[in-house]
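**Q** Numbering (UniProt numbering), first residue to last: 1 to 140.
We put the beta carbon where it would ideally sit given N, CA and C, even for glycine.
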Amino acid sequence: MTRRRRAAAVIVRGDRLLMVRERGRGPSGRHDGQEYWTLPGGGIAADETAEEAVRREVVEEVGLRPLAVRYLLDVPYPSGLTSCFAVQVADGEPILGSDKISCECPIMVGLDWVPLPQLHTATAGLPIPTMIVVWDPTIP
Numbered sequence: 001m002t003r004r005r006r007a008a009a010v011i012v013r014g015d016r017l018l019m020v021r022e023r024g025r026g027p028s029g030r031h032d033g034q035e036y037w038t039l040p041g042g043g044i045a046a047d048e049t050a051e052e053a054v055r056r057e058v059v060e061e062v063g064l065r066p067l068a069v070r071y072l073l074d075v076p077y078p079s080g081l082t083s084c085f086a087v088q089v090a091d092g093e094p095i096l097g098s099d100k101i102s103c104e105c106p107i108m109v110g111l112d113w114v115p116l117p118q119l120h121t122a123t124a125g126l127p128i129p130t131m132i133v134v135w136d137p138t139i140p
């Protein structure tokens with residue numbers, strides 16, 4: 001795991017969680033590698049707080065306007081320790097942002113509201129997946 005700090009948004013509507021589908025670099029060196037679902041988010045710039053970063057990333061990646069942000073927890077991601085925030089957004093449908101990158105970073109290829117699993121516990125709460133790997137039998 002790298003030392004890069006990240007911030008990610010947990011955006012829930014009803015029983016669904018907004019997630020971004022990304023594709024990593026494959027053997028060819030292009031963005032043709034494994035695909036996976038992840039929370040909207042990204043790196044924290046040197047001149048911003050984690051909360052500022054998550055607000056910026058929500059606008060950039062899914063085109064929604066954050067109204068309220070609440071820190072949840074830090075989670076280890078493959079790309080670095082990630083501060084996750086519950087983010088309340090204004091009404092509207094998300095729109096996939098564009099990655100203008102020419103680096104080894106993953107590229108965004110889609111987004112969707114993913115159903116949250118039903119969980120029966122003695123305490124309130126929602127089971128929030130931070131990443132879901134998409135299995136593709138054609139990729140070795």
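On the three-pair Cβ rule with 8 Å, is the segment 72-80 touching the segment 54-62?
**A** no
**Q** So, with DSSP's three-state summary, where would you put Glu93?
**A** coil
**Q** Using DSSP bridges, identify the partner residues of Asp47.
**A** Looking at the DSSP assignment, Asp47 forms no beta bridge with any residue, so it has no partner.
**Q** Straight-line CA distance for Trp113 to Leu18?
**A** 4 Å
**Q** Checking the sheet assignment: what are the DSSP bridge partners for Val59?
**A** Partner(s): none; Val59 has no beta bridge.
**Q** If I measure Cβ to Cβ from Val20 and keep anything under 8 Å in the same chain, skipping five residues before and after, which residues do I get?
**A** Trp37, Thr38, Leu39, Pro40, Glu61, Val62, Leu96, Met108, Gly110 and Leu111
**Q** If we ignore side chains and look at the alpha-carbon of each, how far apart do Ile5 and Leu116 end up?
**A** Ile is not the amino acid found at residue 5; the sequence shown has Arg there. The alpha-carbon atoms of Arg5 and Leu116 are separated by roughly 26 Å.
**Q** Going by Cα to Cα distance, which pick from Ala46, Gly80, Arg25 and Leu64 is closest to Gly92?
**A** Leu64
**Q** So is the beta-carbon of Pro94 under 8 Å away from any non-hydrogen atom of the ligand GDP?
**A** The ligand GDP is not part of the structure shown, which contains no ligands of any sort.
**Q** Can you tell me where the beta strand (DSSP E) holding Pro76 begins and where it ends?
**A** Pro66 to Tyr77
**Q** Under 7 Å Cβ to Cβ from Arg16, same chain only, skipping five residues before and after it: list those, please.
**A** Within the same chain, Arg16 has close Cβ partners Trp113, Val114, Pro115 and Leu116.
**Q** Can you name, in chain order, every residue of its own chain whose Cβ lies under 7 Å from the Cβ of Val87, other than the five neighbours on each side?
**A** Ala9, Val10, Ile11, Val54, Val58, Pro66 and Val69
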